[in-house]
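Each remark here refers to the structure printed beneath this line.
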Amino acid sequence: MSFPLLRVENLSVSFTTYGRTVPVLHGVSLDVPARSQVALVGESGSGKTVTMKAIMGLLRQPPARITSGAIYYDGADLLTMPEKERLKLRGTAMSMVFQDPMSSLNPVFTIADQMATILKYADRRLGRTRSSRDRMQRVYDTLAQVRMRDPERVARAYPIELSGGMRQRVLIAMALLSETDLLIADEPGTALDVTTQAQILKLLKDLVEARGLALLMITHNLGVVRETCNSVYVMQKGVIVEKGETAAIFEAPAHDYTRSLIDAVPRLTGGRRFGTAGVPA
Amino acid sequence: MLELKNLCKAFPIRNAFGRKTGALQAVDNVSMTIAPGDIYGLAGESGSGKSTIARMIMGLETPDSGEILIDGRSIHDRSDGVAHGRRVQMVFQNPGSSLNPRRTVGQSVAVPLDAHGFPRSKRPARVATLLDMVQLPAAFAERYPHELSGGQKQRVAIARALAVEPKLLVLDEPTSALDVSVQAKVMDLLTDLGRQMGLTYLFISHDLSLMRNFAREVSVLYRGGIVESGTSDTVFGHPSHDYTRLLIASVPVISAEEAALRPVIPLIDGELPTPEQLIALRQAADRQA
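Next comes the structure, spelled out in structure tokens:
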């Protein structure tokens with residue numbers, strides 16, 4: 103098998119606070135091949151967000167420290183490459199879709215301002231030039247790609263003027279501004295209503311498939327995993343406990359933790375009886 | 026147990042100068058009846074009016090019109106001298122913000138006891154009993170909320186709600202802030218307590234999978250009005266209203282059996298329709314017919 107687009111190899115991270123060092127990742131390894139959709143699923147505190155931050159280079163060091171391991175993007179180790187090289191990848195070749203649309207948008211700038219700024223700095227890092235007219239055109243085009251009906255009106259709006267679903271679309275558009283190969287999505291749509299979430303997940307899936315992107319989906323929701331990803335890594339307490347094809351793992355989990363996680367999910371088909379008594383008293 | 030009759034509530038929409046420019050019909054002619062010991066689910070998205078209904082039942086909002094009856098008496102009829110809080114209590118969504126961070130667990134659980142004149146001398150024993158009911162060690166009475174996990178905090182909130190032995194509990198998204206494995210344990214606890222104490226639950230949630238398994242009766246709310254009600258199995262197995270169908274179709278599921286249960290919703294421009302679009306489509310089709 104050829105080298106995957108993203109490879110995390112034996113990654114260990116610890117946090118030091120008040121003189122106490124706590125290891126949080128214990129030798130995490132995962133692969134995201136080009137054009138594949140991979141989920142990293144775990145409950146709160148499992149280390150999925152720390153893994154994501156390490157990949158994106160967003161870990162604050164200190165308190166965090168990467169104690170071992172490597173992260174390869176397209177064969178090059180992100181952890182040892184010069185910061186300048188890494189900046190060329192971040193937000194361009196690999197970009198992020200964040201979870202909470204309200205806190206990841208700046209309330210005092212319009213959508214157009216914020217998107218144009220992202221594009222300007224991405225261009226600068228890559229040594230490209232683009233006129234401000236071209237930049238705006240790119241902003242409108244990208245908003246249209248996330249199926250905004252009126253891109254120019256959305257671009258003029260402030261975040262508060264948009265609904266939650268539209269804000270989430272803006273965040274996806276922001277991640278697509280540059281020619282991205284890898285999209286890392288952190289719980290997209292979790293803050294939204296279920297009908298809006300379904301729209302966002304479908305949009306994300308359509309975009310990823312149409313453009314041949316690789317997707318790394320970070321989530322706690324097993325349903326979201328099945329809807330969007332064909333392979334999955336299950337994480338517990340900083341360790342990958344199980345990996346494989348989504349359908350196979352959800353059908354027959356090998357690890358006890360995965361099984362308990364799947365058993366805990368209430369099914370739309372019903373038939374689950376809550377309560378420890380078993381029979382009604 | 027609980028009866029809502031033609032309940033309406035509108036909120037004024039004000040402009041920047043505080044002048045009333047319109048009204049938002051948050052709850053629109055809602056009627057439902059919950060039998061004693063029942064688990065009644067209220068499903069809806071944000072803006073559907075489910076929280077306003079809960080607040081009116083709690084007496085935190087006054088309905089514009091309509092009636093709320095508990096055991097046949099209006100909740101505004103206080104002539105029997107029984108405080109409203111002894112009949113209904115509520116468990117809120119986020120235990121992180123519903124517990125006072127400056128109070129110990131014991132103090133928080135004792136607040137309703139104080140409010141309803143429970144004898145001071147018996148209070149520590151009562152707090153210990155309540156913590157035991159929610160399967161927390163008695164020593165937790167001395168702890169502060171920040172020392173507790175999310176699931177433990179929600180147990181404390183449940184203990185507090187049960188302190189003065191209400192018969193009806195309003196559960197407003199009680200597990201949406203919790204991990205799925207913790208959620209299962211809290212739902213087990215609520216089920217056990219409901220059986221032991223003969224409680225009636227009004228369960229408010231947007232999690233339809235959870236609702237199907239927990240509630241016996243379900244009403245689906247859309248923009249303040251009930252679009253569909255029935256037993257859990259009927260509403261989820263054979264949804265009749267478009268909005269219910271869209272809601273069910275939107276649930277992310279983990280197995281092929283569940284996926285097969287979801288209604289197929291026609292796409293508009295390659296995208297799932299919004300509830301408004303879907304309902305407008307139906308209305309247009311009805312006009313044609």
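Those protein sequence lines, which keep their order, are chains A and B.
Last residue of the first sequence: 383 (the working numbering), numbering continuous.
Last residue of the second sequence: 314 (the working numbering), numbering continuous.
C-beta: ideal position from N, C-alpha, C; glycine also.
No experiment lies behind these values; they were computed from the predicted model shown.
Query, Result
"For residue 323 (chain A), does the count of other Cβ atoms within 10 angstroms reach 16, so buried, or fall short, so exposed?", "buried"
"So, is the C-beta of residue 295 (chain A) closer than 8 Å to a C-beta in chain B?", "yes"
"For residue 293 (chain B), report the span of its alpha helix (DSSP H) as first-last.", "Note, residue 293 (chain B): premise wrong, no alpha helix (DSSP H); not H, not E."
"Does the beta-carbon of residue 139 (chain B) have 16 or more other beta-carbons within 10 angstroms, so that it is buried, or is it exposed?", "exposed"
"Strictly below 7 Å CB to CB, what residues from chain A border residue 209 (chain B)?", "366"
"Taking residue 299 (chain A) as the query, report the chain B residues whose CB atoms sit under 9 Å from its CB, ordered along the chain.", "275 and 277"
"Can you give me, in chain order, the residues of the region 106 to 120 of chain A that have a beta carbon less than 7 Å from any beta carbon in chain C?", "Among the protein chains of the structure shown, namely A and B, there is no chain C."
"Flag this pair as yes or no: are the beta carbons of residue 267 (chain B) and residue 304 (chain B) separated by less than 8 Å?", "yes"
"Can you tell me the Cα-Cα spacing of residue 383 (chain A) and residue 62 (chain B), whole angstroms?", "Low confidence applies to residue 383 (chain A): its pLDDT is 37, below 50, so where it sits in the model is not reliable, and the reading given next is rough at best. Each residue's alpha carbon lies about 13 Å from the other."
"At which residues does the beta strand (DSSP E) containing residue 332 (chain A) begin and terminate?", "Careful: residue 332 (chain A) lies outside any beta strand (DSSP E) and carries neither H nor E."
"Does any residue of chain A bring its CB to less than 8 Å from the CB of residue 234 (chain B)?", "yes"
"Any idea what DSSP makes of residue 383 (chain A), helix, strand or coil?", "Confidence is the limiting factor: at residue 383 (chain A) the pLDDT is only 37, short of 50, which leaves the residue's position unreliable and the question unanswerable from this model."
"Name, please, each residue of chain B whose Cβ falls closer than 7 Å to the Cβ of residue 323 (chain A).", "277"
"Taking the Cβ atom as the reference point for each residue, do residue 116 (chain A) and residue 337 (chain A) lie within a distance shorter than 8 Å?", "no"
"Cα separation between residue 85 (chain B) and residue 210 (chain A)?", "34 Å"
"Listed from N- to C-terminal order along the chain, which residues in the region 345 to 379 of chain A have their beta-carbon within a distance smaller than 7 Å of any beta-carbon of chain B?", "352, 362, 363, 364, 366, 367, 368, 369, 370, 371, 372, 374, 376, 377, 378 and 379"
"Out of curiosity, what's the CA-to-CA distance linking residue 377 (chain A) and residue 237 (chain B)?", "15 Å"
"Output the distance between the C-alpha atoms of residue 285 (chain B) and residue 269 (chain A), rounded to the nearest integer angstrom.", "31 Å"
"Along the beta strand (DSSP E) that carries residue 149 (chain B), what are the first and last residues, could you check?", "Careful: residue 149 (chain B) lies outside any beta strand (DSSP E), inside the alpha helix (DSSP H) at 148 to 158."
"Leaving out the 5 sequence neighbours to the left and right, which residues in its chain are closer than 6 Å to residue 141 (chain A) when beta-carbon positions are compared?", "319, 327, 331 and 334"
"Please name the residue, chosen from B:55, B:32, B:93 and B:46, that lies closest to residue 26 (chain B) on a Cα-to-Cα basis.", "B:93"
"With residue 198 (chain B) and residue 118 (chain B) assumed to form a contact (beta carbons below 8 Å), what rounded beta-carbon distance in angstroms separates them?", "4 Å"
"Nearest CA to the CA of residue 110 (chain B): which residue from B:128, B:187 and B:258?", "B:187"
"Return the first residue and the last residue of the alpha helix (DSSP H) that residue 153 (chain A) is part of.", "150 to 158"
"Helix, strand or coil: how does DSSP classify residue 56 (chain B) here?", "strand"
"What is the DSSP secondary structure of residue 301 (chain B), counted as helix, strand or coil?", "helix"
"Less than 6 Å between C-beta atoms, sequence neighbours within five positions excluded: which residues of the same chain meet that for residue 77 (chain B)?", "34, 51 and 52"
"Short of 7 Å Cβ to Cβ, which residues in the region 250 to 281 of chain A face chain B?", "none"
"Please work out which residues of its chain come closer than 8 Å, Cβ to Cβ, to residue 175 (chain B), disregarding the five sequence neighbours upstream and downstream, and give them in chain order.", "120, 121, 202, 203, 204 and 207"
"When you compare the CB of residue 102 (chain B) with every CB in chain A, is at least one pair closer than 8 Å?", "no"
"Out of A:316, A:234 and A:245, point me to the one whose CA is closest to residue 107 (chain A)'s CA.", "A:316"
"So for residue 126 (chain A), helix, strand or coil by DSSP?", "strand"
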